[in-house]
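Let me begin by presenting the structure, written as structure tokens, before commenting on it.
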Amino acid sequence: MKTKVIASVLFATALTATKPVLADDKPVTEQLVDTLTTLSGGPHAGFRANHAKGEMVEGSFTPTAQAAGVSKAAHFQKATPVLVRFSDATGVPNIPDADGNAFPKGIAIRFQLPDGTATDIVSISVNGFPAATPEDFLGLLNAVRDSQGSTAKPSLVEQFLGTHPAALKFVTTPKPAPVSLATQPFFGVNAFEFTNASGKSVFGRYQIVPVAGAQYLSKEATEKAAPDYLMNDIVERVKGQGVQYKLVLQLADSGDEVNNATVVWPDSRKTVELGTLTLNKAVADSKAAEKPIMFNPLQLTDGIAPSKDPILLARPTAYAVSFGRRLAH
Ligand code: HEM
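At position 57 of the sequence shown (counting the first as 1) the number is 52 in the working numbering, and the numbers step up by one without a gap.
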């Protein structure tokens, strides 16, 4: 039957010499949002298609003296106000924070620059990504979707993981529940190119390192954790003594892969501390405030440029699809 459909499409194409319009003839980025929405049991009107549950807070970023040597970007020269959104994975708006599917956690940071523009960092709590291209990521998500409710052995997702070692590594990487989002390290995953005032360029990946240290719950404590324990805790902490992270850049060695988010660079790579993120203010009515905001890893500023990583380059289009749908409700 499928062959027949394809054959008739090809035939029609030959006759009209125009591109056939198929129901699923959508850009991969839109198909990714569709599958994320299906996997979350959505659409959940007004919410993000991924990282739907979140909490926003505010604070500032203070650069180190070394930061200007790496990049001429304005926030690496002078202290800058920041808006931050922490999030749980998936498009499920009320997912319990300790649920296995709520990992990786997310942190989105918006630096509000002196000239009125902004630049963002959008990172997760795992170092690495399951796919090197948007097409492969869609393959993984669709395999998860199509395995649900199927008794096939091996399942489609097992078959996918069997032939995609990076995806297997990502899904089997332990993702323990943190004591607090203030004790959770985050990773930029995608590389960027940083250029300083003398024109010297380096490739690097962000690491966001909690000053309180990485601390995780025991298995028993994870099972007993309240559904909103992380989101409530982070708001309490910023209203109290505040929360701090070091923003660190892991530098690529000359042979390192900068365009493939599945290839994690070794811990032995040189790092530069770029500055300290201090979060000390909750955002009033975070739920309403987060809706009209789209964090964008390619909202950059002079002194920071994207790598050619296809995952990085696909993200803004996928986010814009999700954003457009969110605003329509
Ligand atoms: C092709 C790969 C990816 C796709 C299709 C994708 C998809 C999405 C979508 C649809 C959203 C919702 C955006 C919005 O509505 O505003 C989102 C949010 C997010 N993504 Fe991705 N993503 C991808 C890769 C990544 C990577 C590599 C990272 C981190 C290194 C990441 C971290 C996040 C975070 C933290 C958020 C929440 C942002 C916020 O708080 O507003 N994503 N993603």
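Every residue gets a Cβ at the ideal spot worked out from N, C-alpha and C, and that includes glycine.
Check, Outcome
"Uninterrupted alpha helix (DSSP H) stretches inside the segment 69 to 155 (no shorter than 4 residues)", "129 to 142"
"Close-in-space but distant-in-sequence residues of the same chain around Pro129 (CB under 7 Å, 5 per side omitted)", "Val23, Thr24, Leu27, Pro305, Ile306 and Ala309"
"Heavy atom of the ligand HEM within 6 Å of Tyr314 beta-carbon", "yes"
"Host beta strand (DSSP E) of Val197 (start-end)", "Ser196 to Pro205"
"Cα-Cα separation between Pro91 and Asp223, rounded to whole angstroms", "6 Å"
"Inter-stretch contact at 8 Å, needing at least 3 Cβ pairs: the segment 168 to 176 / the segment 291 to 303", "no"
"Span of the beta strand (DSSP E), counted from its first residue to its last, around Val52", "Gly49 to Pro58"
"Three-state secondary structure assigned by DSSP to Ile229", "helix"
"Sequence-distant residues of its chain with Cβ nearer than 8 Å to Leu246 (five each side left out)", "Val197, Phe198, Gly199, Arg264, Lys265, Thr266 and Val267"
"Any non-hydrogen atom of the ligand HEM closer than 6 Å to Asn45 Cβ", "yes"
"DSSP bridge partner residues for Thr271 (one or two, in chain order)", "Thr57 and Lys241"
"Ser118: CB within 6 Å of a non-hydrogen atom of the ligand HEM", "yes"
"Leu163, DSSP secondary structure in three states", "helix"
"contact_flag[the segment 215 to 232, the segment 91 to 106] where n(CB pairs < 8 Å) is 3 or more", "yes"
"Alpha-carbon spacing of Leu151 relative to Arg140, whole angstroms", "9 Å"
"Alpha-carbon spacing of Thr112 relative to Gly157, whole angstroms", "45 Å"
"Residue nearest to Ile299 in terms of C-alpha spacing, selected from Gln179, Ala186 and Ala216", "Ala186"
"Minimum length 3: unbroken beta strand (DSSP E) runs contained in the segment 280 to 306", "299 to 301"
"Beta-carbon proximity check, Ser82 vs His39, cutoff 7 Å", "no"
"Neighbour flag for Ala127 against chain B, beta carbons, 7 Å", "The structure shown contains no chain B; it holds only a single protein chain."
"Proximity test, Arg200 beta-carbon vs the ligand HEM heavy atom, cut-off 6 Å", "no"
"DSSP state of Pro222 mapped onto helix, strand, coil", "coil"
"Nearest candidate by alpha-carbon position, reference Gln72, set Ala277, Arg80 and Ala60", "Ala60"
"Distance cut-off 6 Å: Leu27 Cβ against heavy atoms of the ligand HEM", "yes"
"Contacts around Val184, its chain only, beta-carbon distance under 6 Å, and the 5 residues preceding and following it disregarded", "Phe124 and Ala256"
"C-alpha gap between Thr32 and Arg43, whole angstroms", "9 Å"
"For Glu188, the first and last residue of its enclosing beta strand (DSSP E)", "Phe187 to Thr190"
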